[in-house]
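Chemist:
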Amino acid sequence: MDLIEKIENVKNKIPEIQSANLEELEKIRSLVLGKKGELTTLLRGLKEVDEKERGKVGSLANLVRTEIEEQIQVRTKALQKEIINQRLENEKIDVTLPGTKHRLGHMHVLQQIQNEIEDLFISQGYRVVYGNEIESDEYNFERMNLPKDHPARDMQDTFYIDSETLLRTQTSAMQARIMEKHDFSKGPLKMISPGLVYRRDDDDTSHSHQFHQIEGLVIDKNITLADLKGTLQMLIDSLFGQGHAIRLRPSYFPFTEPSIEVDVSWNKVDSSTEDSDIQWIEVLGAGMVHPKVLEMSGIDHNEYSGFAFGLGPDRFAMIKYEIDDIRNFYLNDLRFIEQFKQVKK
Amino acid sequence: MKVSTNWLKEYIDNFEINNLNDADKLAAQIGLTSSEIENVSYLVPQSSGLVVAKILDVKDNENSDHLKIVQVNNGKNNFQIVSGAPNIEFGQVVILAMVGAKLFNGKEIKETKIADYISSGMLVSLQEIGFNDSIAPKKHEEGIYVFPENADIQLGQDAIDALGANDIIVETSLTANRADMLSIKGNSYEFAAMLDTQVSFPKYATTQEGKDIDDLISVEVDSKIVSEYNLSIVQNIKVKQSPLWIQKRLWSSGIRPINNVVDVTNYVMLYTGQPLHAFDYDKLQNKQIKVSLSNDEEIQTLDGQKRELEKGKNIVIYDGNTPLMLAGVMGGISSEVDENTKNVVIEAAVFNPQLVRKTAQNFALHSEASSRFERGINLDDLIPSLNLSANLIQQLAGGQIARGIITKGTGLTNAKKLEISLSFIQKKLGLKISTTEISSVLNRLNFEFKIVEDKFIIEIPNRRWDISIPEDIVEEVARIHGYDKIPTTLPQAIDPKSGLTIKQKLLRNVNEIMRSSGFNQAISYSLLSKNKVSNFSTFNLPAIKLAHPMSEDRAYLRQSLIASLLEALKYNVSRSQKDIHLFEHGIVFAKNKSQNIEQLHLAGLVMNSPILNWKNNKKEMYDFFDLKCDIEDLLNLFEVDYKFIKNKEIKLMHPEQTANIVVSDQIIGFIGKIHPEYLQENKLEDIYAFELDLDKLFDIYQPKIGYQLIPKYQEVTRDLSLQVAEDVTSDDILNVINKLNIKELKKIELFDKYKDSLTYRFTFNNEEKTMEIIDTNEIMELVQKNVSALNVKIR
């Protein structure tokens with residue numbers, strides 16, 4: 001057999017390559033193309049070939065080498081693909097089985113509402129103040145223009161600790177504490193004060209001896225009833241979404257004059273809505289700060305005016321989510337807490 | 001107040017309320033300008049087929065000892081009725097429910113045979129046609145209703161109409177300031193202003209022909225407790241049933257007619273708002289009236305109750321030294337007007353509102369009178385009310401009015417004057433309202449005023465107690481002009497301290513950390529029972545008790561959050577909830593001598609009942625170290641060094657699985673397992689709990705600004721296994737190593753624990769060069785040498 005024939009014969013390995021496994025492929029590569037491999041050995045005999053033939057034999061040898069290499073590569077790739085496919089098959093899971101890492105917890109729905117209201121008013125340049133839950137009669141009532149024996153005290157049956165100390169019945173108790181400390185030369189007073197309040201009420205679906213309030217207070221030169229109305233509309237837009245109308249009704253609180261109740265429309269209202277189709281829900285009380293309240297905190301009511309409002313996050317949540325029993329907020333049934341993922345518009 | 005629209009029609013021009021639809025519209029308008037509306041309805045639910053009829057004949061029934069055979073006439077026809085009413089008499093004008101009549105409750109009247117006689121209809125009481133027991137006249141409590149003599153009615157007339165039972169009642173729910181709206185006159189002014197219409201009231205003339213009143217009675221008052229006290233006397237009267245027109249007014253207002261004297265005082269009170277009291281002159285032993293504060297004594301009020309009075313607490317009307325009545329609240333039985341009363345004293349006074357309020361509260365006797373005294377009396381109508389009462393009594397009961405009235409008091413005050421400028425109103429409202437518009441509001445309210453330059457000078461009528469400062473006028477303008485006309489603007493300036501404080505931001509982050517560790521936020525009750533309130537407390541101080549708790553369960557302010565969170569946990573357990581993670585931030589309380597302490601705490605509870613994990617079918621139980629990891633995550637947020645130091649002393653906590661959490665040498669809380677004894681008693685699975693003082697933690701927190709360079713050179717790790725005696729803790733080992741102050745040692749982590757053997761992984765890094773093996777070996781030798789001093793073996 002001459003050299004050319006021997007080189008051609010190397011190609012006979014190809015069928016073997018095509019059925020080899022990865023290990024066998026490596027062996028074949030070494031047997032054919034390695035330093036001591038068949039083809040390498042054959043090429044060493046090239047120098048004995050006639051000079052005229054040498055180029056032809058050389059290029060034939062290269063062709064064969066290339067082909068063998070290609071065949072090995074193709075077979076290797078096919079085998080690797082097969083292995084991956086096998087792995088994928090082995091790693092098959094039922095993606096509908098439940099997740100097993102621990103679950104995230106949930107923020108209490110009232111905390112969510114409180115945070116949302118805080119953020120809204122912070123964006124309007126308000127500060128946030130948390131007061132004490134034990135208050136003096138003076139700050140809870142007297143400084144709010146509710147002297148002892150005032151008939152309006154009947155509206156707030158109070159848990160007293162002693163004759164001068166009580167569990168605050170309203171977050172309005174924070175008004176005087178903040179007003180008397182505020183330095184008006186540095187700018188206006190704009191604050192909200194969220195927190196727990198307590199009343200001597202029997203617990204039932206709509207009453208709780210403990211509930212939340214958020215007090216709002218703005219004092220500056222030239223604060224108007226229109227400012228109050230605009231602020232309340234902003235609050236309602238934020239909590240209930242755009243399109244809910246508000247209306248103001250006269251009311252009475254000793255610490256504001258004029259005093260108003262605020263209703264919000266349950267349904268969305270536009271210029272084509274008939275009055276009779278609007279369902280109004282009472283949501284909060286508000287008013288212009290009574291001059292006596294300003295005066296008692298050392299603020300000149302001829303120069304400054306202000307508004308205040310007090311809203312109940314419990315009531316807001318009940319309206320917004322149609323919750324029928326206020327006790328749900330304080331019994332902490334996990335099936336209740338876990339329903340409220342995040343604030344919804 | 002229950003306001004009769006029929007009554008208002010007498011005084012308000014163009015007041016057209018003819019059906020419930022009209023009334024509902026009116027009510028909606030009142031709600032937006034004046035007062036909340038409680039209810040709008042007919043006085044009684046409506047019936048049909050009821051007519052006024054006269055009894056022509058009454059015969060006994062031989063088959064029955066109580067049934068009578070009655071012939072009645074309805075103006076056209078005669079009917080035979082069999083009736084069991086005990087008060088039936090010949091000549092009475094009564095209510096006949098004719099055959100075919102439909103009563104409010106669905107009952108239909110049919111012709112029947114009773115005791116062998118045909119009965120073509122039924123004679124009825126007011127209750128049978130829907131009148132509430134509380135307003136049906138006392139005289140006809142048993143038996144059928146009998147119209148008073150000379151009533152302005154016709155036989156055959158619709159009885160509902162004759163009784164005014166189709167009167168539409170608008171019930172207002174008044175705020176404490178609107179004293180004026182506790183009277184028909186006040187409501188007339190208010191609604192006329194709202195409707196922009198006129199109002200007018202009739203005038204009365206009094207003729208006093210009796211004896212001189214000063215010869216009949218004397219009065220002495222303490223002006224500190226009664227600013228005005230007036231008496232009138234009507235002599236030689238005859239007490240009987242009131243005429244129908246007055247009865248109608250009373251029951252429409254929710255008051256039961258009694259007799260012509262009492263009814264008149266109630267009628268005038270409803271009309272003007274001035275409470276009046278009538279008492280029997282002849283029952284006074286001394287004819288010496290004295291108004292003063294109570295002594296320790298007993299009084300029997302008109303409701304028959306005996307009331308123990310305390311010295312100085314109540315205003316009492318005395319005759320000589322005999323207490324007669326609780327002034328402003330309720331009359332006394334000893335001087336009650338009855339059917340034999342011949343001479344009657346009428347009282348119109350202004351008692352101290354605070355004292356009246358206290359007395360009413362003390363005896364739970366909130367009467368029509370007391371509620372009016374508490375809110376304030378219209379001085380303009382004080383004497384006119386007294387005169388009108390005397391007039392009406394004389395008119396209805398005959399006799400003569402004694403000459404003169406007795407007047408004791410500080411004297412009537414003149415109407416208040418308020419000055420208010422246009423710009424003041426505009427500035428408060430944020431509305432460009434005009435002088436003309438404001439004038440129109442004041443005119444509608446019937447306020448006298450004049451305009452001087454840009455100022456309104458307004459006379460405030462005495463009926464409007466609630467108006468005393470310019471801001472009150474601003475409110476009147478806003479509500480009559482309409483709150484819907486106020487524009488919406490926003491205050492633009494910013495509070496110098498706007499935004500959240502650092503502590504408030506930290507609290508939000510704490511919430512987020514707890515939430516991402518799987519805890520659900522609870523808000524539980526602050527008030528607990530005596531035996532729960534101090535559980536898990538770290539205070540060495542007593543709990544705060546309420547002066548007047550509503551129940552023993554809620555009498556004390558919690559001293560720990562765990563105590564109230566356990567209530568929430570038990571609530572969930574009893575509802576078969578598993579895998580309970582709860583946290584709460586809130587206030588805990590304690591009493592330190594005279595001081596009340598409030599602290600912001602954070603607490604959490606985990607009860608992990610065994611849950612099958614579908615992956616490995618193993619019951620994975622939560623334990624101390626799972627909770628510790630959550631707390632470490634939390635503490636890491638504050639960039640503080642912390643230690644957990646075993647504490648066997650916390651009551652109700654497992655002595656072997658509880659530790660204090662120590663930050664910067666301060667104990668800020670604890671973590672551990674709840675005592676198995678408590679768990680057993682309460683039938684609970686294992687519970688892990690922690691509670692810490694957030695105020696303290698927030699105070700310790702010092703934010704570190706800036707950052708540490710990321711190491712340039714490769715980190716090197718080495719492991720060390722130690723066999724550890726029982727009395728050596730992991731912290732003991734780490735303390736020894738940390739004391740060596742090895743600069744290159746960046747981190748030591750417990751890497752493995754098997755029985756008593758602990759393996760730590762040490763991480764080294766040199767900031768200037770790559771760590772050489774030689775250096776690491778040297779350090780590890782040093783570590784081993786020092787650790788060997790403890791009761792440990794190096795493996």
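Chains as they are written, first to last, in my numbering: chain A, 1 to 345; chain B, 1 to 795. All C-beta atoms in this analysis are idealised placements derived from N, C-alpha and C, irrespective of residue type, glycine included. Predicted model, so just to flag it, every value in this text is computed and none were measured.
1) Quick test of your reading: Tyr642/B and Ile661/B, contact by CB under 8 Å. State the CB separation rounded to the nearest angstrom.
2) Quick check: what's the CA-CA separation for Glu656/B versus Asn786/B?
3) Can you give the Cα-Cα distance for Asn314/B and Lys287/B, rounded to whole angstroms?
4) Is Leu155/B closer than 7 Å to Ile95/B when the C-beta atoms are compared?
5) Report buried or exposed for Arg103/A, applying the criterion of at least 16 other Cβ atoms within 10 angstroms of its Cβ.
6) Could you tell me which of Phe363/B, Ser173/B, Ser223/B and Ala725/B sits nearest to Ala27/B, measuring between CA atoms?
7) For a test of the three-state rule: what should DSSP assign to Val128/A, helix, strand or coil?
8) Express the C-alpha separation of Leu334/A and Ser238/A in angstroms, rounding to a whole number.
9) Can you tell me the Cα-Cα spacing of Ile737/B and Val724/B, whole angstroms?
10) Which full runs of the alpha helix (DSSP H) of 4+ residues lie inside the region 148 to 230 of chain B, going along the chain?
11) Shortest alpha-carbon distance to Asn14/B belongs to which of Leu195/B, Ala360/B, Lys54/B and Ala543/B?
12) By the criterion of Cβ-Cβ separation under 8 Å, what are the contact partners of Lys36/A in chain B?
13) Rounded to the nearest angstrom, what separates His301/A and Leu217/A at their Cα positions?
14) I'd like to know if the region 504 to 514 of chain B and the region 222 to 238 of chain B are in contact, where contact means that at least 3 CB-CB pairs between them fall below 8 Å.
15) Since Glu138/A and Gly298/A should fall inside the 8 Å C-beta cutoff, what is the C-beta to C-beta distance between them, to a whole number of angstroms?
16) Could you please give the first and the last residue of the uninterrupted beta strand (DSSP E) stretch that includes Gly251/A?
17) Counting contacts by CB-CB distance shorter than 7 Å, is Met194/B in contact with chain A?
18) Reducing DSSP to helix, strand and coil, say where Val452/B ends up.
19) Using a Cβ-Cβ cut-off of less than 9 Å, list which residues of the region 528 to 552 of chain B approach chain A; keep chain order.
20) Thinking C-beta only, is Lys591/B closer than 7 Å to Ile544/B?
21) Does the distance between the C-beta of Asp263/B and the nearest non-hydrogen atom of the ligand ZN fall short of 6 Å?
22) How should Asn266/B be labelled, buried or exposed, when 16 other C-beta atoms within 10 angstroms of its C-beta is the threshold for buried?
23) Would you report the Cα separation of Lys238/B and Arg143/A, rounded to the nearest angstrom?
24) Please check if any C-beta of chain B sits within less than 7 Å of the C-beta of Arg199/A.
25) Under 7 Å Cβ-Cβ, which residues of chain B neighbour Val128/A?
26) Once the 5 residues before and after Lys68/B are set aside, which same chain residues still bring their CB inside 6 Å of it?
27) Per DSSP, what kind of secondary structure is Gln842/B in: helix, strand or coil?
28) Could you check where the beta strand (DSSP E) with Asp60/B kicks off and where it finishes?
29) Given that Glu374/B touches chain A, what residues does it touch there, using C-beta distances under 7 Å?
30) With a cut-off of 8 Å, do at least 3 Cβ pairs link the region 75 to 82 of chain B to the region 140 to 158 of chain B?
31) For Lys497/B, would you say it is in contact with chain A, using Cβ-to-Cβ distances shorter than 7 Å as the test?
32) Within 10 angstroms of its Cβ, does Gln241/B collect 16 or more other Cβ (buried), or is it exposed?
33) With a cut-off of 8 Å, do at least 3 Cβ pairs link the region 205 to 216 of chain A to the region 243 to 257 of chain A?
34) Anything in chain A within Cβ reach of Ile587/B, meaning under 7 Å, just list it in chain order.
35) Would you list the one or two residues that DSSP bridges to Thr256/A?
36) Report yes or no: do the region 300 to 307 of chain B and the region 317 to 336 of chain B share at least 3 C-beta pairs separated by less than 8 Å?
Modeler: If we stick to the structure as given:
1) 6 Å
2) Taking the straight line from one Cα to the other gives about 28 Å.
3) 22 Å
4) no
5) Counting Cβ neighbours within 10 Å, Arg103/A comes out exposed, since fewer than 16 surround it.
6) Ser173/B
7) Strand.
8) 27 Å
9) 15 Å
10) 159 to 162, 184 to 195 and 213 to 216
11) Leu195/B
12) Chain B residues near Lys36/A: none, gap ~41 Å exceeds 8 Å.
13) 15 Å
14) no
15) No, Glu138/A and Gly298/A are not in contact; Cβ-Cβ is about 15 Å, not under 8 Å.
16) It is Ser, not Gly, that sits at residue 251/A in the sequence shown. Where Ser251/A is concerned, the enclosing beta strand (DSSP E) stretches over Ile246 to Phe253.
17) no
18) strand
19) Ile544, Lys545, Leu546, Ala547, His548, Pro549 and Met550
20) The answer is yes: Cβ separation under 7 Å.
21) With respect to small molecules bound, the structure shown includes none, and the ligand ZN cannot be examined in it.
22) buried
23) Cα to Cα, the separation comes out at about 55 Å.
24) no
25) Leu500 and Gln504
26) Within the same chain, Lys68/B has close Cβ partners Val58, Ser83 and Ile88.
27) This structure leaves residue 842/B out entirely; chain B is present only between 1 and 795.
28) Ser48 to Asp60
29) Pro151
30) yes
31) yes
32) buried
33) Judged by Cβ distances under 8 Å, the region 205 to 216 of chain A makes no contact with the region 243 to 257 of chain A, as fewer than three pairs qualify.
34) Glu133
35) Answer is Phe253/A and Val289/A.
36) yes
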